[in-house]
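Mapping the sequence shown onto the working numbering, position 5 (from 1) lands on 268, and the numbers just tick up by one. From the three backbone atoms N, C-alpha and C, an ideal C-beta is built for every residue, glycine too. Accompanying notes for the structure given below.
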Amino acid sequence: MPAGTLILTGGLTEAVAVQPGDHVALHAQGMGSVSLNFS
264 MPAGTLILTG
274 GLTEAVAVQP
284 GDHVALHAQG
294 MGSVSLNFS
């Protein structure tokens with residue numbers, strides 16, 4: 264495995280590249296929500 268390889272344990276979807284200015288939000292029914300702003 265090459266250095267810098269991203270390992271997602273239990274990931275349900277593929278990794279998505281983000282850019283400065285992007286906003287990502289997750290809403291999980293019964294669990295709450297989390298959001299990220301990238302700068």
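Exercise for the section: Let me know the secondary structure DSSP gives Val287 once reduced to three states. Expected result: strand
Handout entry: Cutoff 8 Å; reference Gln282; Cβ partners in own chain excluding five residues on either side
Key = Excluding sequence neighbours, Gln282 sits near Phe301.
Exercise for the section: Return yes when the Cβ of Leu289 is within less than 8 Å of the Cβ of Ala278, no when it is not. Expected result: no
Handout entry: Coarse secondary structure for Ser298, derived from DSSP in three states
Key = strand
Handout entry: Other residues of its chain near Leu299: CB distance less than 6 Å, five sequence neighbours each side excluded
Key = Val287
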